[in-house]
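Trainee:
Residue numbers (my numbering): 15 to 407.
Here it is in C-alpha cells:
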C-alpha cells in the first residue's frame with residue numbers, strides 16, 4: 015500500500031509539472047503570435063532556419079537527461095513547427111471557436127509503400143494526415159513490421175496480392191535500403207502501370223537511376239532523396255512532419271518525362287519540403303561529403319573512444335558535444351552498409367581528403383605552432399558562421 019501511495023504522489027507531481035509546462039507553452043505561443051505580426055508588418059519570412067538551429071543547439075548543449083538528445087530535439091522541433099503555424103496565422107481571431115474542417119481532396123487514391131521503416135512509415139503518416147493519399151498499402155519483408163504499422167494506423171492496410179495491388183496503384187514509393195531498391199526496380203517494374211508515378215528515397219543514385227532507366231521505359235520513375243532522418247530505425251521511430259522544412263533532392267534520369275518530375279516535385283512540396291534538382295554525378299559526389307562522410311566519422315569516433323577509455327569512463331566524462339558527434343553512430347547498420355558500398359568510389363575520395371586535412375591539423379598540434387593553429391581554428395569558425403548565415407537565407 016505504501017508503494018502505491020508513493021507512486022500516486024509521484025504521479026500527482028507529474029500532473030502538476032504537466033500543467034506548468036502547458037502554461038509556459040501557452041505563454042510562449044502568445045509571444046510567437048506577436049513575433050508573427052511583427053514579421054508580417056516588416057515583410058519578413060516566417061521561417062528562420064538560423065534561429066531554429068540556434069534554439070535546438072542551445073537546448074541540446076544544456077540537456078542533462080534523462081531524456082536523450084534525440085528525444086529533446088524531436089520535442090522542440092515539433093514545438094517550433096507549431097510555432098511557425100501560429101506565426102503564419104497571427105492577426106486572426108483565435109477565440110472564434112471551433113472551425114469545420116474542409117472536405118479533403120485526395121491527390122492519390124492508393125499509394126503502395128515498399129519498406130515500412132523509419133522513412134517509409136514517416137511518409138505514410140504525412141500522406142494520410144495531410145489528405146494527400148486516401149489509403150497507403152504497406153509492403154515489407156518483415157511481417158511484424160507490417161502488423162505494427164497497421165495496428166498503429168501508420169498504414170491503411172497490408173498488401174496481400176502484391177501484383178494486383180501494384181497494378182491498381184497510382185503512386186509507388188520504394189523506401190528500402192539501396193541494394194534492395196535496385197532489386198525491386200527490376201522485379202516490380204513489369205507489373206506497375208506506365209501511368210503510375212514511382213519514386214525511391216535512397217541515399218545513393220548511380221545504380222538506382224541506371225537500373226530505372228532500363229526498366230521504366232515510360233519515364234515514370236523519379237529518383238528522390240529527402241535530406242532528413244533520425245538516428246533510429248523502424249516504424250516505431252517514425253514521426254509526422256519529418257520532411258517539413260527539409261530539402262528533397264530530385265535526381266532525373268535519361269528517360270524521365272517532365273510530367274512525372276513535376277508530379278514528384280509537387281508531392282514533396284505538399285509534404286513541406288524544399289525541392290532541388292541535381293544530376294546523378296552531383297548527388298553521389300556531394301552526398302559522399304555532406305552525408306556519408308559525417309556518418310563514417312561518427313562511427314569511427316565512438317569506436318575509438320570506447321577502445322581507448324571504455325564505456326564506463328565515457329558515461330562519466332562525455333558531455334553534450336561528444337553526444338552530438340556520436341549521435342549518428344546509432345543509425346541502421348544494414349542501410350549504411352549498403353550506402354557506403356554503393357557509393358564507395360566517392361566516399362573513398364572524401365575520406366582521403368579528410369585524412370589529409372586531419373594530418374595537417376596533427377602537424378600543427380605536434381609542432382606546437384600556436385599562431386597557425388589559432389588562425390586555422392579562427393578561419394574555420396568564420397566559415398561555420400557564414401554557413402549558418404547562408405542556411406538562413
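Note that beta-carbon positions come from the ideal geometry of N, C-alpha and C, so glycine has one too. In this text the structure is predicted, and so the values were computed from the model without any measurement.
Our contact map puts residue 289 next to residue 265 with C-beta atoms below 8 angstroms; I'd like the distance itself, whole angstroms only.
Mentor: Actually they do not touch by this definition, with Cβ atoms about 11 angstroms apart.
Trainee: Counting only the same chain and skipping the five closest in sequence on each side, list residues whose C-beta sits under 7 angstroms from that of residue 378.
Mentor: 386, 387 and 390
Trainee: State buried or exposed for residue 244, treating a residue as buried only when at least 16 other CB atoms are found within 10 Å of its CB.
Mentor: A residue is called buried once 16 or more other Cβ atoms fall within 10 Å of its Cβ, and residue 244 is buried on that count.
Trainee: Please classify residue 375 as buried or exposed, where buried requires at least 16 other C-beta atoms within 10 Å of its C-beta.
Mentor: exposed
Trainee: Of the residues 229, 175, 211 and 182, which one's Cα is nearest the Cα of residue 201?
Mentor: Residue nearest to residue 201 within the set 229, 175, 211 and 182 is 229 (criterion: CA-CA distance).
Trainee: Where in the stretch 162-249 do unbroken runs of the alpha helix (DSSP H), each at least 4 residues long, occur, reported from the N-terminal end onward?
Mentor: 176-181, 192-202 and 220-229
Trainee: Going by DSSP, which residues form a beta bridge with residue 147?
Mentor: 122
Trainee: Give every residue of the same chain whose Cβ lies closer than 7 angstroms to the Cβ of residue 111, excluding the five residues on either side of it in the sequence, and list them in chain order.
Mentor: Because residue 111 carries a pLDDT of 33, less than 50, the predicted location of this residue cannot be relied on, and no value is offered for it.
Trainee: Rounding to the nearest angstrom, what Cα-Cα distance links residue 357 and residue 205 in this structure?
Mentor: 29 angstroms
Trainee: Look at the alpha carbon of residue 380 and the alpha carbon of residue 398, and state the distance between them as a whole number of angstroms.
Mentor: 25 angstroms
Trainee: Might you give, ordered along the chain, the residues of its own chain that have their beta carbon closer than 8 angstroms to the beta carbon of residue 260, omitting 5 neighbours on each side?
Mentor: So the qualifying residues of the chain are 240, 241, 242, 286, 287 and 288.
Trainee: Are the beta-carbon atoms belonging to residue 87 and residue 74 less than 8 angstroms from one another?
Mentor: Closer than 8 angstroms, so yes.
Trainee: Going by the beta-carbon positions, is the gap between residue 361 and residue 354 smaller than 8 angstroms?
Mentor: yes
Trainee: Identify, in the order they occur along the chain, each residue of the same chain with its Cβ nearer than 7 angstroms to the Cβ of residue 106, setting aside the five sequence neighbours on each side.
Mentor: Reliability fails at residue 106, whose pLDDT of 43 lies under 50, so the model's placement of it is uncertain and no value is given.
Trainee: Would you tell me roughly how many angstroms separate the C-alpha atoms of residue 237 and residue 37, rounded to the nearest one?
Mentor: In a straight line, the C-alpha of residue 237 is about 45 angstroms away from that of residue 37.
Trainee: Under 7 angstroms from any heavy atom of the ligand FAD, does the C-beta of residue 180 make it?
Mentor: What this structure holds is no ligand at all, so the ligand FAD is not there to describe.
Trainee: Where does residue 152 sit, in a helix, a strand or coil, going by DSSP?
Mentor: Note: residue 152 maps to strand in three-state DSSP.
Trainee: Just curious, the alpha helix (DSSP H) that residue 351 is in, first and last residue?
Mentor: 347-356
Trainee: Return the chain-ordered list of same chain residues with a C-beta closer than 8 angstroms to the C-beta of residue 300, the five sequence neighbours on each side being excluded.
Mentor: 292
Trainee: Spell out the partners DSSP gives residue 262 in its beta bridges.
Mentor: Its beta-bridge partners are 240 and 289.
Trainee: Taking 7 angstroms as the limit between beta carbons, can you name the residues of its chain near residue 198, skipping five residues before and five after?
Mentor: 128, 188 and 190
Trainee: In whole angstroms, give me the CA-to-CA distance for residue 164 and residue 125.
Mentor: 14 angstroms
Trainee: Who are the near neighbours of residue 49 in its chain, counting only those whose CB is closer than 7 angstroms to its CB and skipping five residues on each side?
Mentor: Cβ contact annotation for residue 49 (same chain, cutoff 7 angstroms, sequence separation greater than five): 101, in chain order.
Trainee: Taking 8 angstroms as the limit between beta carbons, can you name the residues of its chain near residue 272, skipping five residues before and five after?
Mentor: none
Trainee: Starting from residue 128, follow its DSSP beta bridges and name the residues at the other end.
Mentor: DSSP output for residue 128 lists 153 and 188 as bridge partner(s).
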